[in-house]
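Student: I'd like to ask you about the structure that follows.
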Amino acid sequence: ETGVTQTPRHLVMGMTNKKSLKCEQHLGHNAMYWYKQSAKKPLELMFVYSLEERVENNSVPSRFSPECPNSSHLFLHLHTLQPEDSALYLCASSQSWTGSSEKLFFGSGTQLSVL
Amino acid sequence: AQSVAQPEDQVNVAEGNPLTVKCTYSVSGNPYLFWYVQYPNRGLQFLLKYITGDNLVKGSYGFEAEFNKSQTSFHLKKPSALVSDSALYFCAVRDSGNQFYFGTGTSLTVIP
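Residue numbers (my numbering), protein chains in the order written: chain A, 129 to 243; chain B, 131 to 242.
As structure tokens, then:
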């Protein structure tokens, strides 16, 4: 276990549904991240929160909406998704956002399928 | 622009043989280089990192990586492969702007 827990592990949703992905870290870290992993592509950084403030938003469609209520929890709210949004969504954390030598701790991911 | 290249989608190696997974990078400034491994149905796990100092970095599970500044490479190596090493391996670089850039991953299969 890496100390980063994601739920659910699998999610199937229709294009008109609204769902949320949850991430919780038990490491006392100050930075949390959402990544999208698609086959044969580099991991795509979606959002970064540092001390509950959003510090990065890499041109992600508005149908993805992040929420960070405290430094231990991160959500990704989903609505009116497209089939091309099907992917593995990974949450990660690190001690801080500004330490360039810091490593990321990843959760096991949520495998999302949009029908 | 910062980037990471893993030129091989798939690497096959016989158990007990040495393995190499290749990575080259392009980044402005001093690079911070990382290797992560992903087992099926799991997230990425940290293996090792290069920040500064000795060009040969040792990490978890007997893996090591060699930083070569002139060739802008950071290849992952292990002297003797195990079947349990079969997984997806990602190279990553972190720039001075705190962004991580990941490669596309290399699937390693160790054949018994």
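Note that the Cβ used here is the ideal one computed from N, Cα and C, for glycine as well. Bear in mind the structure is a predicted one, so any value in this text is a computation, not a measurement.
In angstroms, rounded to a whole number, what distance separates the CA positions of serine 200(A) and serine 226(B)?
Tutor: One-based indexing of the first sequence puts residue 200(A) at position 72. One-based indexing of the second sequence puts residue 226(B) at position 96. Distance between the alpha carbons of serine 200(A) and serine 226(B): 25 angstroms.
Student: Taking Cβ to Cβ, would you say alanine 222(B) is nearer than 7 angstroms to tyrosine 169(B)?
Tutor: As a position in the second sequence, residue 222(B) is number 92, starting the count at 1. As a position in the second sequence, residue 169(B) is number 39, starting the count at 1. It is not a contact, given that the beta carbons lie outside the stated cut-off.
Student: Assign aspartate 213(A) to one of two classes, buried (16 or more other C-beta atoms within 10 Å of its C-beta) or exposed (fewer than that).
Tutor: Numbered from its first residue, the first sequence carries residue 213(A) at position 85. By the 10 Å Cβ count, aspartate 213(A) comes out buried.
Student: Since glutamine 136(B) and threonine 202(B) should fall inside the 8 angstroms C-beta cutoff, what is the C-beta to C-beta distance between them, to a whole number of angstroms?
Tutor: Numbered from 1 along the second sequence, position 6 holds the residue referred to as residue 136(B). Numbered from 1 along the second sequence, position 72 holds the residue referred to as residue 202(B). Not confirmed; about 13 angstroms, so no contact.
Student: Mark aspartate 139(B) as exposed unless 16 or more other C-beta atoms lie within 10 angstroms of its C-beta, in which case mark it buried.
Tutor: As a first step, residue 139(B) must be located in the second sequence, where it is residue number 9. Aspartate 139(B) is classed as exposed because its beta carbon has fewer than 16 other beta carbons within 10 Å across all chains shown.
Student: Quick check on tyrosine 180(B): buried or exposed, where buried means 16 or more other Cβ atoms within 10 Å of its Cβ?
Tutor: Taking the first residue of the second sequence as 1, we reach residue 180(B) at position 50. Classification of tyrosine 180(B): buried, given that the 10 Å Cβ count is 16 or more.
Student: Looking at chain B, which residues of the stretch 152-176 of chain A have a Cβ within less than 8 angstroms of any of its Cβ atoms?
Tutor: Lys168, Lys169, Pro170, Leu171 and Leu173
Student: What is the rounded straight-line gap between the Cα of leucine 202(A) and the Cα of glutamate 172(A)?
Tutor: Position 74 of the first sequence, counting from 1, holds the residue named residue 202(A). Position 44 of the first sequence, counting from 1, holds the residue named residue 172(A). Looking at the two C-alpha atoms, the distance is approximately 17 angstroms.
Student: Taking 7 angstroms as the threshold (beta carbon to beta carbon), is phenylalanine 176(B) in contact with chain A?
Tutor: The count along the second sequence starts at 1 and reaches residue 176(B) at position 46. Yes, contact with chain A.
Student: Short of 6 angstroms in beta carbon distance, which residues of its chain neighbour glutamine 132(B), apart from the five on each side in sequence? Order them along the chain.
Tutor: By 1-based counting over the second sequence, the position of residue 132(B) is 2. The residues are Val157, Asp225 and Tyr231.
Student: So with CB distances below 7 angstroms, who are the chain B contacts of threonine 208(A)?
Tutor: In the first sequence, the residue the question calls residue 208(A) occupies position 80. At a beta-carbon threshold of 7 angstroms, none of the residues of chain B lie near threonine 208(A); the nearest stands roughly 27 angstroms away.
Student: Can you list the beta strand (DSSP E) stretches of 3 or more residues lying completely in the stretch 141-184 of chain A, in chain order?
Tutor: 146-153, 159-165 and 172-178
Student: I'd like to know whether the C-beta atoms of leucine 218(A) and glutamine 165(A) end up nearer to each other than 7 angstroms.
Tutor: Residue mapping note: residue 218(A) aligns to position 90 of the first sequence, counting from 1. Residue mapping note: residue 165(A) aligns to position 37 of the first sequence, counting from 1. Cβ distance < 7 angstroms, so leucine 218(A) and glutamine 165(A) count as in contact.
Student: Mind pulling the chain A residues with CB within less than 7 angstroms of isoleucine 181(B)?
Tutor: The count along the second sequence starts at 1 and reaches residue 181(B) at position 51. Ordered by position in chain A, the residues that pass the 7 angstroms Cβ test against isoleucine 181(B) are Ser229.
Student: Let me confirm a value: asparagine 228(B) is counted as buried when at least 16 other C-beta atoms fall within 10 Å, else exposed. Which label applies?
Tutor: Numbered from 1 along the second sequence, position 98 holds the residue referred to as residue 228(B). The C-beta of asparagine 228(B) has 16 or more other C-beta atoms within 10 Å across all chains shown, which makes the residue buried.
Student: List the endpoints of the continuous beta strand (DSSP E) containing lysine 199(B).
Tutor: Translated into positions along the second sequence, residue 199(B) becomes position 69. That residue, lysine 199(B), is in no beta strand (DSSP E); it is neither H nor E in DSSP.
Student: Just verifying my parser: in three-state terms, what is the DSSP assignment at tyrosine 155(B)?
Tutor: As a position in the second sequence, residue 155(B) is number 25, starting the count at 1. Here tyrosine 155(B) sits in strand by DSSP.
Student: Which partner residues of lysine 179(B) appear in the DSSP bridge assignment?
Tutor: Sequence index remark: in the second sequence, residue 179(B) carries index 49 (1-based). Beta-bridge pairing links lysine 179(B) to Phe164(B).
Student: Compute the Euclidean distance between the alpha carbons of valine 140(A) and leucine 240(A), then round it to the nearest angstrom.
Tutor: Position 12 of the first sequence, counting from 1, holds the residue named residue 140(A). Position 112 of the first sequence, counting from 1, holds the residue named residue 240(A). Approximately 6 angstroms, taken between the alpha carbons.
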